[in-house]
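Q: Following this message is one structure expressed as structure tokens.
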Amino acid sequence: MTSSHTTSSSLAEGTRTPAQPVNWQDRLRRHGYTVRPATGVRERLVPRFPKPSLWDWLGPVLVTAVAGVIRFWHLGRPRAVIFDETYYAKDAWSLLRLGYEGTWPDRKIADPQLLAHPQVVSLSDTGVFVAHPPTGKWVIALGEWMFGLTPFGWRFMTAALGTLSVLMLCRIGRRLFRSTLLGCLAGALLAVDGLHVVMSRTALLDLVVMFFVLAAFGCLLVDRDHARARLAAALPVGADGRARPDEHTGDHAGTGLRPWRLGAGVFLGLAASTKWNGLYVLVFFAVLTVLWDVGSRRVTGSRRPYLAVLNKDLGWSLLSLVPVAVLTYLATWTGWFLSDDGYGRHWADGRGGTWSWIPAPLRSLWHYEQGVYDFNVGLHTPHKYDSNPWSWLVQGRPVLFDYQSPKPGQEGCRTAVDCSQTVLALGTPLLWWSAVGALAYLLFRWALRRDWRAGAVLCGVGAGYLPWFLYQDRTIFSFYAVVFVPFLCLAVAMTVGAVLGPAGSDLRRRTLGAVAAGTLVLLIAWNFIYFFPLYTGQTIPYADWHSRMWLDTWI
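Okay, so the sequence shown: first residue is -14 according to our numbering, each after it adds one.
The following block contains the structure:
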């Protein structure tokens, strides 16, 4: 018969009698995990950051420098007007000169004229109907103002925003995960994503939308920390010096001014005024902030957190986001409002009717935007490279922006047969395929572990991805997915953090995790290097190009 002393000794040594069940915590301990210490309510509201160090900024800056070299290297190549640059580069120049989109000759005439020596700019001041708001084109115009109407000039600002987005993601990841390492990893993954690189080196609008969406997400994260810190500071402190949840504080404490939320409203307005899919992001992020506020009130001690949010937070939340975004959107049309020849500018002048009390310029803009909406939802023209959003995450149908076949002896072609020179909007395959598994892991963390970080990342992916399923009959392209690429990188980084293991795990567990995580990251980096010629228009033998066409749907 086993004595109580023997039993306690056995348990202390980590052994059990056959009759005792082994719970899941014990199984995890056997694999190197340790139990996390209990955290106080204040730390639950605002988890501590790592101890400050030089690498908090030096690491993100180094990652950003690498991203900048990749994006600005031979930025003017190919020296051509590729894919939809034929619209946005010229519209940007028109905004710079006229304040609105003027009329250009047919692209078969205008594009060669822009690349000719001497250059011919055949822009007239007759306003023309365009399918997208002006902000993204104003961004492109800034580069043209600095460097001229050249391939380098019209691509400069997208390359700059693409580079800055890597720095932002490093810092956003650090704040989200409370880890400089994981933040820099997320930024590094973005730096070596092929789709992000191609869109950073091309004068299209989607990279600009991505930048503003990411900036808005970062603002909301900072706002969340500041608001929760104010609630934590308002909690009463017991005799032991520790704060306790308090119902009155949870229901009635204010969070003060929230300028970061106003900043998010501005960025979301800029996103929507670049392309309309930014409006969906506004809706997703507005819901996300409300749920964050509910969680804050619940942790603080409120027994009716939704009512507390309704009384103390909801009004300012909506005012900070929706009206600010709307006003920002209208402000981006200033050039059109100040013009006389912009398309549809005077449509409402002299018109009566029910809405005649609204100023005529606003009614004219509404009529214009109604036409834009009808055009966009009714765009069903087949295109060789259009794709269904179901295939985007696995990069089933990338978009070929440019393809040339240099002859032997021309443009660096050193083979006996024609070479290939291509710009392919393809995400780094191993990164995207890893992201599919990472999203499944985050769904688990959010649904079954109530991990708010997983929910935040999933919200970012959903805001940029799910609305396109409403338009599966429309002509859409996989490069639209660049808007949520940063959130895929955050998902992979969070999963890598789980693979590394929690702090306090034993050496064997951490070593195995580091090997597995390091192998994945190195494979993704190698995969990017392998496809790099296809992203940057380099001349390579045709056989090398064909060997990189891993799927038949890529051709």
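We put the beta carbon where it would ideally sit given N, CA and C, even for glycine.
(1) Considering only the beta carbon of each residue, do G138 and C155 sit closer than 8 Å?
(2) Starting from the Cα of G263, find the closest Cα among T313, Q523, P221, R243 and give me that residue.
(3) According to DSSP, which residues form a beta bridge with V408?
(4) Counting only the same chain and skipping the five closest in sequence on each side, list residues whose C-beta sits under 7 Å from that of L427.
(5) Report back the beta-carbon spacing between T88 and V66 to the nearest angstrom; my notes put them in contact at under 8 Å.
(6) Do you know offhand how far L161's Cα is from K122's?
(7) Can the beta-carbon of G158 be found closer than 8 Å to that of C204?
(8) For G422, which option in G300, L505, P452 has the closest C-alpha, if you only look at C-alpha atoms?
(9) Determine the extent of the alpha helix (DSSP H) in which T120 is found, giving its start and end residues.
(10) Does the beta-carbon distance from V468 to G447 come in below 8 Å?
(11) What residues in its chain sit with their C-beta under 8 Å from that of L167, if we drop five residues either side in the sequence?
(12) Taking the alpha-carbon positions, what's the V546 to F132 distance?
(13) Under the assumption that D387 contacts P63 (Cβ atoms under 8 Å), give the Cβ distance between them as a whole number of angstroms.
(14) Let me make sure I understand the geometry here. Which of H102, G25, V124, E129 has the alpha-carbon closest to that of D225?
(15) Determine the direct distance from the alpha carbon of V362 to that of Y456, and round the result to whole angstroms.
(16) Give me the residue from T366, T524, G254, A238 with the minimum Cα distance to D278.
(17) Would you report the Cα separation of L127 and L146, rounded to the nearest angstrom?
(18) Compute the Euclidean distance between the alpha carbons of G(-1) and L199, then round it to the nearest angstrom.
(19) So, helix, strand or coil for A116, using DSSP?
(20) I'd like the list of long-range same chain contacts for T259, defined as Cβ closer than 8 Å, with 5 residues on each side in sequence excluded.
(21) Where are the beta strand (DSSP E) runs, 3 residues long or more, that stay fully inside the region 206 to 260, in chain order?
(22) According to the neighbour-count rule (16 or more other Cβ atoms, all chains shown, within 10 Å of its Cβ), is H181 buried or exposed?
(23) What separation, rounded to the nearest whole angstrom, lies between the Cα atoms of G356 and G329?
(24) Please name the residue, chosen from T165, C398, A228, that lies closest to P526 on a Cα-to-Cα basis.
(25) Would you mind giving the Cβ-Cβ distance between V408 and Y520, rounded to the nearest angstrom? I have them listed as a contact below 8 Å.
(26) Per DSSP, what are the beta-bridge partners of T524 in this structure?
(27) Tell me which residues share the same chain as D326 and place their Cβ nearer than 6 Å to its Cβ, disregarding the 5 neighbours each side in the sequence.
(28) On the criterion of 16 or more Cβ atoms from any shown chain inside 10 Å, does K392 qualify as buried, or is it exposed?
(29) Which residues mark the beginning and the end of the alpha helix (DSSP H) in which I157 is found?
(30) Since I believe S281 is in contact with L216 (beta carbons under 8 Å), could you give me their beta-carbon distance rounded to a whole number of angstroms?
(31) Hey, D178 and V470 are a contact pair by Cβ (cut 8 Å); roughly how many whole angstroms apart?
(32) Would you decide whether M534 is buried or exposed? Buried here means 16 or more other CB atoms lie within 10 Å of its CB.
(33) Residues in the same chain with beta-carbon distance under 7 Å from R56, minus the five sequence neighbours each way, listed in chain order, please.
(34) In three-state terms, what does DSSP make of S109?
(35) Ignore the nearest five residues each way along the sequence and tell me which others in A310's own chain have a CB closer than 6 Å to its CB.
(36) Give the DSSP-derived three-state secondary structure of T88 in the structure shown.
A: Taking the definition as stated:
(1) No. Outside cutoff.
(2) For G263, the nearest C-alpha among the options comes from T313.
(3) D387
(4) A439, V442, L443, A476, M479
(5) In this structure T88 is not in contact with V66, their Cβ atoms being roughly 17 Å apart against a cut-off of 8 Å.
(6) 32 Å
(7) Not a contact, by the Cβ cut-off of 8 Å.
(8) L505
(9) 120 to 132
(10) no
(11) Cβ within range, chain order: G158, R159, A478, M479, V481, G482.
(12) Nothing about residue 546 can be read from this structure; the chain reaches only from -14 to 540.
(13) 6 Å
(14) G25
(15) 7 Å
(16) A238
(17) 12 Å
(18) In this prediction, G(-1) scores a pLDDT of 42, lower than 50, which makes its location untrustworthy; the coordinate-derived value is nonetheless stated afterwards. L199 has its alpha-carbon roughly 48 Å from the corresponding atom of G(-1).
(19) coil
(20) H117, P118, T120, G121, V124, L190, V193, V194, F197
(21) If we require 3 residues or more, the region 206 to 260 turns out to have no beta strand (DSSP E) run fully inside it.
(22) buried
(23) 10 Å
(24) C398
(25) Confirmed, Cβ separation roughly 7 Å.
(26) Note: T524 sits in a beta bridge opposite Q406.
(27) D110, G112
(28) Exposed, because fewer than 16 other Cβ atoms sit within 10 Å of the Cβ of K392.
(29) 136 to 162
(30) 6 Å
(31) 6 Å
(32) exposed
(33) Here the set comprises A144, G147, T148, V182, S185, R186.
(34) Under the three-state reduction of DSSP, S109 is assigned to strand.
(35) G250, L253, G254, L267
(36) strand
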